[in-house]
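Working notes for the structure below.
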Amino acid sequence: MSARAELRLSLVSVVLLIGLCQANLAQDYDLAGLDLTPPATLVSSGVTLYQNVRIFDGKSTELSPPSNVLVRGNTIERISVNPITVDTNTNVRVIAGDGRVLMPGLIDAHWHAFMAAIPQMLMMTADPSYLHLLAARQAKATLMRGFTTVRDLGGPVFGLKRAIDEGVVLGPRIYPSGAFILQTSGHGDFRFRFEVPRTLGGPLSHSEVEGVAAIADSPDEVRLRTREQLRQGASQIKLMAGGGVASPYNPIESTQYTEPEIRAAVEAAENWGTYVTVHAYTPRAIRQAVAAGVKCIEHGQLIDEPTAQLLAEKGIWWSLQPFLDLEEESLALNLSPVSHQKAMAVFAGTDNAYKLAKKYKIKTAFGTDLLFDARAANRQGAQLAKLVRWYTPAEALKMATADNGELMALSGFINPYPGKLGVVEEGALADLLLVDGNPLENLKLVADPDKNFLIIMKDGIIYKNTLPK
Ligand SMILES: [Zn+2]
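Quick note: the sequence shown uses the working numbering, first residue 69, plus one each step.
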């Protein structure tokens, strides 16, 4: 066959294929045909009645009197101190709470599902399909720590999110950002030193191809990369607006992007009903981002008092992590001496940051940002327990439930899980933990989820039940 005939034939088959596959180009198709139902032994759904539980509702400073909670489908239908009767014809699972505490599932506002538990060098060198399987395993571990929702602030998690939502694998709800967007030399530029110059529109680096990072210089490029993440299903956009600890080519003091570049992302996100959050430590980086219209600051440990005041005045969210010391964060990431120094500066700022967040009543989110270490990832709950240094257990739990739930809702009409998260209220989504002990008296309970979370329910489905029979 001549080359031309061959080309014509392949064009014809492409056209045919596109025609035939049109229906499949949309996101949805019939999964029942693929037999992708969740493993029956692990989960149960339908109607669940919790009897005799004391409720931490995500907001109060005290537990409720002994109550009953009815979950139907994925929703909390009724809460009452009086007995709830249910139609005996329906198949109801009755849980005898025996006065134990029922609380909302935990929310981590700064998580990286793809890279929380894998060494950085492995992430940069291993077969991507292998890394995605490891991420799936870690997603299940995350859910089993009682974190029923995470806001993912960078990494290729669209497939993982979809697989979890479809019940293919187990894991939390994921609010994905997709690739984090950064400038050349900015935080998250992990290219090798020789991989410059980059030409606009030129080949992508490895981490860009894999969807970890998106390098963009100029408002036009930032706008393009932002829209690409939104197209993939990002529920919010993450930009690097200042220096970082582990990245090689930028001082921690550096301000990244310019106001017009950040504003390009903000406009694109706001047109999609959502918002931009930025990685920033210093007052200068934070102020520039706020001026450009971002709605949330990640980290901010090097903030000063006037900038904290600005966050309060403008109602900007502050997503803070209780970074205190290297060993505890397992940030023994083989940090270079320079990165080590940067880490120390950030950790030294943590105490001041929380004090300012409290003083100015800034909307504060709880997040862990644990990276590149499975042992560190296992300490997700322990990170929350550390907040007692600044907050009462009730305040800390409120931050990791109702407050974080409010932050999730900031993704507006593209919210992937519309409905109330982080609260135990009639009509809210049924993400619930049954706790052995009272976390309002002892927050350390959340640091040992294997032992203390007897039931873990997400979206009305019980994924763990170790309640003594
Ligand atoms: Zn992060």
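Ideal placement from N, C-alpha and C gives every residue a C-beta, glycine not left out.
Please determine whether the Cβ atom of residue i lies at a distance below 7 Å from any heavy atom of ligand 1.
{"i": "D437", "result": "yes"}
{"i": "H178", "result": "yes"}
{"i": "L250", "result": "no"}
{"i": "G223", "result": "no"}
Using a Cβ-Cβ cut-off of 8 Å (strictly less than) and excluding sequence neighbours within five positions of residue i, which residues of its own chain qualify?
{"i": "K382", "result": "V358"}
{"i": "R331", "result": "P287, A360, G361"}
{"i": "A540", "result": "With the chain represented from 69 up to 537, any question about residue 540 goes unanswered, as that position is not in the structure."}
{"i": "T143", "result": "G487, G495, A496, L497, A498, G528"}
{"i": "R16", "result": "Because residue 16 is not part of the residues shown, which for the chain are 69 to 537, the question remains open."}
Grab me the residues of residue i's own chain with a C-beta within less than 7 Å of its C-beta, minus the 5 sequence neighbours each way, in chain order.
{"i": "P244", "result": "D220, V225, F226, K229, G301, A302, S303"}
{"i": "V456", "result": "A464, L511"}
{"i": "T534", "result": "L522"}
{"i": "D96", "result": "Per-residue confidence for D96 stands at a pLDDT of 45, beneath the threshold of 50, marking its modelled position as unreliable; no derived number is given."}
{"i": "T418", "result": "Q369, P390, F391, L392"}
{"i": "A108", "result": "Residue confidence for A108 is low, a pLDDT of 41 falling below 50, so the modelled location carries little weight and cannot support an answer."}
{"i": "A468", "result": "L174, I175, F434, L452"}
{"i": "K127", "result": "K466, A470, V491"}
When you compare the CB positions of residue i and residue j, do they come within less than 8 Å of one another, or not?
{"i": "Q448", "j": "T216", "result": "no"}
{"i": "A444", "j": "L452", "result": "no"}
{"i": "I186", "j": "V218", "result": "no"}
{"i": "L502", "j": "V492", "result": "no"}
{"i": "S371", "j": "I354", "result": "Sequence check: residue 371 is Ile here, not Ser. It is a contact, given that the beta carbons lie within the stated cut-off."}
{"i": "S275", "j": "A281", "result": "yes"}
{"i": "Q119", "j": "G165", "result": "yes"}
{"i": "G235", "j": "F248", "result": "no"}
{"i": "Y428", "j": "A376", "result": "yes"}
{"i": "L378", "j": "W386", "result": "no"}
{"i": "G487", "j": "L478", "result": "no"}
{"i": "G505", "j": "G490", "result": "no"}
{"i": "L190", "j": "V154", "result": "no"}
{"i": "N159", "j": "V115", "result": "yes"}
{"i": "G528", "j": "V139", "result": "yes"}
{"i": "K292", "j": "A333", "result": "According to the sequence as given, residue 292 is Leu; it is not Lys. In this structure, A333 does not lie closer than 8 Å to L292 by Cβ."}
{"i": "E335", "j": "Q356", "result": "no"}
{"i": "Y517", "j": "G214", "result": "Tyr is not the amino acid found at residue 517; the sequence shown has Pro there. In contact: P517 and G214 (Cβ atoms closer than 8 Å)."}
{"i": "A348", "j": "I365", "result": "yes"}
{"i": "K532", "j": "M192", "result": "no"}
Just to confirm, does residue i get its C-beta within under 7 Å of one of the non-hydrogen atoms of ligand 3?
{"i": "G254", "result": "Ligands displayed in this structure: ligand 1; ligand 3 is not among them."}
Thinking C-alpha only, which one of the options is nearest residue i?
{"i": "G141", "options": "D516, F521, E494, T534", "result": "E494"}
{"i": "I430", "options": "K363, A477, M191, L403", "result": "K363"}
{"i": "A421", "options": "N483, L388, N159, G490", "result": "L388"}
{"i": "G435", "options": "A416, G223, L475", "result": "L475"}
{"i": "V414", "options": "G312, L138, G505", "result": "G312"}
{"i": "I123", "options": "F248, P507, G487", "result": "P507"}
{"i": "E329", "options": "T294, A314, T350", "result": "T294"}
{"i": "Q251", "options": "N136, D176, M183, Q324", "result": "Q324"}
{"i": "D176", "options": "D518, N483, D471, A194", "result": "D471"}
{"i": "V237", "options": "R161, H200, R261", "result": "H200"}
{"i": "E130", "options": "T432, M171, L138, E145", "result": "M171"}
{"i": "P484", "options": "I232, P461, E145", "result": "I232"}
{"i": "L268", "options": "A309, P536, E289", "result": "E289"}
{"i": "K208", "options": "T193, P134, K537, N446", "result": "N446"}
{"i": "Y317", "options": "T326, S253, E373", "result": "S253"}
{"i": "R261", "options": "L424, S315, I365", "result": "S315"}
{"i": "V121", "options": "V346, E509, R161, R168", "result": "R168"}
{"i": "M525", "options": "P240, G270, R352, P271", "result": "P240"}
Keeping to the same chain, check which residues put their C-beta closer than 6 Å to that of residue i; ignore five residues upstream and five downstream.
{"i": "L298", "result": "W340"}
{"i": "P196", "result": "E278"}
{"i": "F182", "result": "A203, G223, P224, V225"}
{"i": "R259", "result": "S273"}
{"i": "I163", "result": "Y118"}
{"i": "S148", "result": "N136"}
Is there a Cβ of chain D sitting closer than 8 Å to that of residue i, yes or no?
{"i": "L131", "result": "Among the chains of the structure shown, chain D does not appear; only one protein chain is present."}
Every unbroken alpha helix (DSSP H) within the region 509-535, with a cutoff of 4 residues, ordered by chain: Inside the region 509-535, DSSP marks whole alpha helix (DSSP H) runs of 4 or more residues at positions 517-520, from first to last along the chain.
Contained alpha helix (DSSP H) runs [length at least 4] in the region 333-371, N- to C-terminal order: The DSSP assignment places complete alpha helix (DSSP H) segments of no fewer than 4 residues inside the region 333-371 at 351-359, in order along the chain.
Start-end ranges of the beta strand (DSSP E) lying completely within the region 279-338, minimum 3 residues: Assignment of beta strand (DSSP E) within the region 279-338, counting only whole runs of 3 or more residues, yields 281-283, 305-308 in chain order.
Segments of 4+ residues assigned as alpha helix (DSSP H) that fall wholly inside the region 220-246: For the region 220-246, whole alpha helix (DSSP H) runs of length 4 or above, ordered along the chain, are 226-233.
Sequence ranges, beta strand (DSSP E) only - wholly within the region 404-488, length at least 3: Those beta strand (DSSP E) runs which fall completely within the region 404-488 and span 3+ residues are 432-434.
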